[in-house]
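See below for the structure under consideration.
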Amino acid sequence: MSSDYNTHSPAQYLISEILENVFQNCKTNDWFRFLLVNRHWCSNAIRLIWQSPFFYSEDHRIIDVYLSFLNDEERAELKAKGVVVPPTPSTFFQYPAFLRGMDFKALDAAIRDWMFFNVHPPITTINEVLESPNDTTNNNMPIEPGPILITCKDSFATSSSAASSDRKKIKPDNTENSKSNRPNYSYLVPGTTGDDFAWHRAVKSVLVKMFLRYSPPLSIICVDEPEIFSIGDEEHFVHWISQVRELSLVADFGWWEFIPVLSNGCKNLNTLMVSHLPNFKEKAPESVSLFFDFLAKQEKLIRFELKNSESFHEGLERVLEVLPVTLQHLVFQADNKPDGPYSLDALARFRCLRSLEFWGEFTLTDTLTRPLTSNNFPNLQEILITGVKVCNRFQNWVDKVNAKAISA
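For the sequence shown, the residue numbers in the working numbering are 23 to 430.
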C-alpha cells in the first residue's frame, strides 16, 4: 500500500458521527478483526469501546489499564491494604475519560479475573517487578480470547479470536496448565495477610475514586450494592449520575441506603430496571416514601422493567400508580408465582404503550388482565409472552389488537 494511498484514505474524510454509526452497527458482531486502517479510525473505535468496556469483555486487562491511572494517594491507599500496582507504560488515550456506562456487577467480575491473574499466581516477589519498571514479563503474558483494544504510546495493540465472535469468555481455572499461563509474581506486598474480599474491596474502592476524578457524567449505570455510594464524596457521586438515562438496580441490597443519592442525581431517566423489588410492608414508611418520590420524579421515563420480584403481588400495583402515564414499554418477570400478581388495575393508565412483555412462571388471569382487555391501546405494537399461562379472554384480546404477538 503506497504512502499516497494512506495520505488520501477515504476514512480520513468520514466525520466522527458516521464512523460511530459504523462501529455501533457492528458492535454486536466480531468486528474486532476489522482492520483499523489509520489513527482516525483507531480513535473512533477506542472511544466507542471504552464508553462501556464491560459490555464487550470482563477481561482482567481492563482493570490493569484502569489501575495505571491511579494517583499517588490512591496507590498508597491500595498499598496500605497490601496490594502494589507495578509501573505501567503510559497510554496514548485517557481511557477513563471515555466512560459513559458503568456496570458495577461486571466490574466485580473483571476484578475477580484480575485477582486470579495478579494476586494469586505462583509468587516470587513483587520487588522484582518494582525494581525493573521496564521489565516486559507482564506484557508477554498469554492473553485469553476476547476483545480488548489498548493503545500505548508508539504502539497499537489489538487482540481478537474467532472464539470471541460469540462473546463466550474462557474462564480461568485452577489447573496446573492454567497456573502456568499466569505471571510468576503477585501484586501482594510480601508478607501480606488478608482475604480475597478485602483485596477486592480495596481495588474496587480506588477504581471508583479514580472514575470520579476522570469520568464525565454517566449515561448508563447498573448498581448491585449500596457500598458504592459510600466511596468518595456524595456531591461528586450526584454529579457523576446527574445525566444517567438508564438505571438498573439488580438486587435487593438495601435501596434505602442510597435512594437519597439517586433521587438527587437521577432525575431524567428514560429506562429503569428494578430486580427483586422489596416487600414494602417490611420497610420503614419513610424509606418507602423516599423510593416512591424517586419514581414520581421520573417524568421522562419511557421503559420500566420489573424482574425477579419477591413481592410481585404487594409492590407492583403501587409502583404502577406513580409511574408517568407516558410510559411506552413495560416488562414484568417473576418466577414461581402460579397465580400471578393479584392486581394490575393501574395498567389502564398507560395509553401510550408500544410494547408489553411478560416473562416467568405465573398465570395471567381474567381478573388480572381486565385493565388491558377492557381498554384501548392504539400505539401497542408488540406483546411478548414467555413461559406465562394466559386466560382465554386475554388470548382473544391479543389476537384482536394490531400488535405483533410473540409467544415462547
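Each residue gets a CB set at the ideal place from its N, CA and C atoms; glycine is no exception.
In this structure, L100 places its C-beta atom within 8 angstroms of the C-beta atom of V225. Note on A306: under 16 other CB atoms within 10 angstroms of its CB, so exposed under the neighbour-count rule. Residue environment for E343: exposed (fewer than 16 other C-beta atoms within 10 angstroms of its C-beta). Straight across, the Cα-Cα distance linking F91 with M232 is about 7 angstroms.
Annotated as distal: R122 and S79, with beta-carbon spacing of 8 angstroms or more.
Its chain contains C374, L375 and R376 as the residues whose beta carbon lies nearer than 7 angstroms to that of N401, once the 5 sequence neighbours on both sides are disregarded; these appear in chain order. Looking only at Q417, S227 and W381, the smallest Cα-Cα distance to R392 is reached by Q417. Listed in chain order, the non-local C-beta contacts of E96 below 7 angstroms within the same chain comprise V228, K231 and M232, local neighbours out to five positions each way being set aside. Restricted to the stretch 294–374, the beta strand (DSSP E) segments that are unbroken, complete and at least 3 residues in length are 325–329 and 351–359, listed in chain order.
Between F251 and V283, the gap from beta carbon to beta carbon is short of 8 angstroms.
Taking the Cα of G104 as reference, the smallest distance to any Cα among R267, C413 and D218 is reached at D218. The beta-carbon distance between A119 and S237, rounded to whole angstroms, is 7 angstroms. This is short enough to meet the 8 angstroms contact definition. Residue pairing by DSSP leaves S237 without any beta bridge partner. Look at I68 here: in three-state DSSP terms it is helix. Contact annotation: H82 and D135 have beta-carbon atoms nearer than 8 angstroms. For D217, there is no enclosing beta strand (DSSP E), as DSSP marks it with neither H nor E.
Rounded to the nearest whole angstrom, the CA to CA distance from E327 to R267 is 14 angstroms. Fully contained in the stretch 60–128 are the following alpha helix (DSSP H) runs of length 4 or more, in chain order: 61–71, 75–78, 82–89 and 94–102. With respect to the C-alpha of W262, the residue from E247, C288, I407 and D246 having the closest C-alpha is C288.
Under DSSP, T408 takes part in a beta bridge, and its partners are W381. Secondary structure note for V283: its alpha helix (DSSP H) is the uninterrupted segment I281 to G287. By the CB criterion at 8 angstroms, L317 and L299 fall outside the cutoff. If you ignore the 5 residues before and after N286, its C-beta comes within less than 8 angstroms of the C-beta of V260, all in its own chain and listed in chain order. Ranked by Cα distance from F399, the first of R415, F138, C64 and K422 is K422.
Around the CB of I428, fewer than 16 other CB atoms lie within 10 Å, so the residue is classed as exposed. Rounded to the nearest angstrom, the gap between the Cα atoms of K426 and Q320 is 28 angstroms. If you look at L394, you'll find it in the alpha helix (DSSP H) that goes D388 to T395.
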